[in-house]
Amino acid sequence: MQFADIIFLIIIFVTMIGALVTVLSGSIIYAMIGLVTTMFGIAGIYVYLNAPFLAMMQILIYVGAISILIAFAIMLAGPLYKNPKEWTTITKFIASLVVSVFSFLVFFKVIMHASWMNTKAKEFTVTTKEIGRALFDKLTFPFELISLLIIVSIIGAIMLALLSKGEE
Amino acid sequence: MNTLEDFYYVLIFLVVAVAFTLAPIVMAYLLSPRSRGSKTNATYECGIEPFGGAWIRYSVSYYIYALIFIAFDVDILYLFPVALSYTKGGRIYEFYSLLVFVFILVLAIIYAWGKGVFTWKRKIP
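Quick mapping for you: the protein sequence lines, in order, are chains G and E. My numbering applies: residue 1 is where the first sequence begins, and numbers increase by one. My numbering applies: residue 1001 is where the second sequence begins, and numbers increase by one.
Written as C-alpha cells, this is what we have:
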C-alpha cells in the first residue's frame, strides 16, 4: 500500500464520519459541523483525483460559503431547532431508512457495473493556471458576464432580504 | 499523483491545525481543577454573569452580510485562476479585463450601500 492510498483511506474515513455525524447528531449545530467535515473530505477526494481547482471551489463555496449560510439560517430560525430528536417520529425514520438503502443499492449497482478500466481516453488534467489563461484569452466575454451574474444575484438577495424585513 | 504531491504542505498545515486545536484542550484537561460547582457548566460569557439564553434569534441584517459574502466568495473563485496566470503587464488587455470584472462587482457594494444595508438601526439607545 502506497502513501497516497493511506491518505485516500483517511480522506474517505473523515468524509464518512462527517456524513454520519450530520445524519445521526441530535443537535443541529453538530450536524452542521459534520456537514462541513464531509464537504472538506470531498475536497480531499478532488485533490486525489487531480482536480485542484475543483477542490478549491469545494472549499470556497461549500466549506466557506454554504456552511456560513447554514449557520446564519440556524441563527435566524426560532428555537424549533433545539432538539431535532423530539420531532423525529418512527415513520419518518423508516421512510428515511428506505430512501437511503434504496439509493445506496442503486449507486452500488451502477458503480459495480460501470466499466472503469477500458476507457481509451487520455488522462485529462487541467491546472488552475490553464483555466486562468483560458479566461483571459478565449473566454474574456463570459468572464465579464460572470461578474454581471454575481452582481445580479447580490442585488436579488439584498432585495429579498429587505422585502422580508418589511421595507420598501 | 502530481497534485497529491503538491498538496503535501496542505497536509502539514492540516496536522498542525489539528494539533493546535487539541493542545489547549489537553492542557485544560491536565491543568483544570477537578472540583465541580453549580456554575461549572454555565455558558461562558467573557467572565461576566451570563444574562438571557444563548439560543436567541439574530437579526436578518446579519444574513444580508452572509449573502454578500457568498457572492464575493464566488468571485474570488474566478479571480484565483486569473491571478495565477496574470502576466504582470505583459499583455495590457488582461488588466482591463480584470478592471471591468472588479468594477461591475463594486457596483454591488454601491447598491447595498445605497439601500442602507451597512447602516444599523440602533435598538438600544
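Positions of the beta carbon are idealized from the N, C-alpha and C atoms, including for glycine. Fair warning: this is a prediction, and the values are worked out from it, not measured in the lab.
Give the interface partners of P1033(E) over in chain G, defined as CB-CB distance under 9 Å, in chain order. Those do not exist, as P1033(E) stays about 27 Å from chain G at its closest Cβ, beyond 9 Å.
Which residues in chain G have a C-beta closer than 8 Å to the C-beta of V1100(E)? List them in chain order. Neighbours of V1100(E) on chain G, chain order: E144, S147.
Quick test of the definition: if touching needs 3 or more C-beta pairs under 8 Å, does the segment 125-133 of chain G touch the segment 1078-1093 of chain E? In short, these stretches touch, since the Cβ pair count reaches three.
Under 7 Å, do Y1063(E) and L162(G) count as touching if we go by C-beta distance? It is not a contact, given that the beta carbons lie outside the stated cut-off.
For the segment 1025-1111 of chain E, which segments carrying the alpha helix (DSSP H) assignment without a break, of at least 4 residues, lie completely within its bounds, in sequence order? Taking 4 residues as the shortest admissible run, the segment 1025-1111 of chain E contains the following complete alpha helix (DSSP H) segments, listed from N- to C-terminal end: 1060-1084.
With 9 Å as the limit, tell me which residues of the segment 62-76 of chain G have their beta carbon closer than that to any beta carbon of chain E; keep them in chain order. The segment 62-76 of chain G vs chain E, Cβ under 9 Å: G64, A65, I66, I68, L69, A71, F72, A73, M75, L76.
If you run the structure through DSSP and keep just helix, strand and coil, what is F3(G)? Three-state DSSP puts F3(G) in a helix.
Between which two residues does the alpha helix (DSSP H) containing I146(G) stretch? Unbroken alpha helix (DSSP H) run through I146(G): 140-164.
Assigned secondary structure, S27(G) (DSSP; H/G/I helix, E/B strand, else coil): Here DSSP, grouped into helix, strand and coil, assigns S27(G) to coil.
Verify whether the separation of the beta carbon atoms of F1101(E) and E144(G) is less than 7 Å. Yes, the Cβ-Cβ distance between F1101(E) and E144(G) is below 7 Å.
Kindly give me the distance between the Cβ atoms of I1110(E) and I154(G), rounded to whole angstroms, as I take these residues to be in contact under 8 Å. At roughly 11 Å, the Cβ-Cβ gap does not stay under 8 Å, so I1110(E) and I154(G) are not in contact.
When we look at the beta-carbon of S147(G) and count the other beta-carbons within 10 Å, is it buried (16 or more) or exposed? Buried, by the Cβ-count rule.
Taking 7 Å as the CB-CB limit, is G156(G) close to chain E? False, the Cβ-Cβ gap to chain E never drops below 7 Å.
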